[in-house]
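S.K.:
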Amino acid sequence: MQPIQALILGLVQGLTEFLPISSTAHLVVVQNLFGLTEPPVSFDVIIHLATALVTVIVLWSVIKALKFKQLKLIGLAMIPTGILGLWLNQWNELIFGSLIFTAVTLIINGLILLLPKFIKVKNNPLNGQSAVSIGVAQGLAVLPGVSRSGSTIVSGLLLGLKSEEAYNFSFLISLPAIAAAQVLQLKHLDLVEAEFVNFGLGFIAA
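And the structure:
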């Protein structure tokens, strides 16, 4: 992997992770568009940890103020996320990296993002049922092309949450999800082949 590739992929990850567009899909598209070689799994771990760190920094005041009830709701959301994530991971080699599959899911993701335009603003509290539903949306976002933040925020809005609460909960549940996903990737981590300069560039760019 060349330094310029590390910078490009890091920038794509950083720019798309916090927008309601799929960062995974855009990484796939950029790799194919520029003919970039597929980066090692360890690089993927690094750039995702970078965006997770940014999330912690941005939401630190919210994280510090979390109460047991809110932590319990985050835990409930992680149950369907984990189940769906592990199940869909079985088809990892088949669906990840496929431009056709990515194109279809990007279209579906775009349609999902239009849904809030057709709903009335409500002020329902976040409860166990809505947390599980948002967790399902996050689990489905394992698919490249489906935005994790977009699907979870839209799910929250459809369930009647205020926009700020939907946004905060979406990014709060992203932290354990990203951490768990990267722990699963550690079995593929090869520090012998690690390109620390490129990894550093990708981390900073993301």
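3 is the number of the first residue of the sequence shown in my numbering; add one for each residue after it. Just so you know, even glycine gets a beta-carbon here, dropped at the ideal spot from N, CA and C. Treat the numbers as computed from the prediction; the structure is a model and nothing was measured.
Given a cut-off of 9 Å, decide if Leu-17 and Gly-204 are closer than it, judged by their beta-carbon atoms.
M.R.: Taking 9 Å as the Cβ cut-off, Gly-204 and Leu-17 do not qualify as a contacting pair.
S.K.: Look at Ile-23 and Thr-83 and say whether their C-beta atoms are less than 9 Å apart.
M.R.: Result no, Cβ atoms of Ile-23 and Thr-83 do not sit closer than 9 Å.
S.K.: Going straight from the alpha carbon of Val-106 to that of Ser-151, what length do you get?
M.R.: Each residue's alpha carbon lies about 18 Å from the other.
S.K.: To the nearest angstrom, how far is the alpha carbon of Leu-21 from that of Leu-35?
M.R.: So the two alpha carbons sit approximately 21 Å from each other.
S.K.: Where does Pro-5 fall in DSSP's three states?
M.R.: Reduced to three states, the DSSP call for Pro-5 is helix.
S.K.: At the level of alpha carbons, what is the spacing between Thr-104 and Ala-27?
M.R.: Distance between the alpha carbons of Thr-104 and Ala-27 is about 6 Å.
S.K.: Quick one: Cα of Gln-33 to Cα of Gly-130, how far?
M.R.: Approximately 39 Å between the Cα atoms of the pair.
S.K.: Run through the segment 108-156 for me and flag every whole alpha helix (DSSP H) of 4 or more residues, listed as ranges in chain order.
M.R.: Entirely contained in the segment 108-156, the alpha helix (DSSP H) runs reaching 4 residues are, in chain order, 130-142.
S.K.: Would you report the Cα separation of Ile-180 and Leu-86, rounded to the nearest angstrom?
M.R.: Going by the C-alpha atoms only, they are around 14 Å apart.
S.K.: Following the continuous alpha helix (DSSP H) through Phe-205, name the residue where it begins and the one where it ends.
M.R.: Unbroken alpha helix (DSSP H) run through Phe-205: 198-207.
S.K.: Can you look up Lys-1 in the DSSP assignment and give me helix, strand or coil?
M.R.: With the chain represented from 3 up to 208, any question about residue 1 goes unanswered, as that position is not in the structure.
S.K.: Closest to Leu-115 by CA distance: which of Asn-126, Ser-153 and Gly-141 is it?
M.R.: Per the Cα distances, Ser-153.
S.K.: Given that a residue counts as buried once 16 or more other Cβ atoms are within 10 Å of its Cβ, and exposed if not, what is Ser-63?
M.R.: Exposed, by the Cβ-count rule.
S.K.: Quick one: Cα of Asn-111 to Cα of Ile-155, how far?
M.R.: Asn-111 and Ile-155: Cα-Cα distance of roughly 12 Å.
S.K.: I'd like to know if the segment 74-83 and the segment 119-139 are in contact, where contact means that at least 3 CB-CB pairs between them fall below 8 Å.
M.R.: In short, these stretches touch, since the Cβ pair count reaches three.
S.K.: Which of helix, strand or coil does DSSP assign to Ser-24?
M.R.: Three-state DSSP puts Ser-24 in coil, outside helix and strand.
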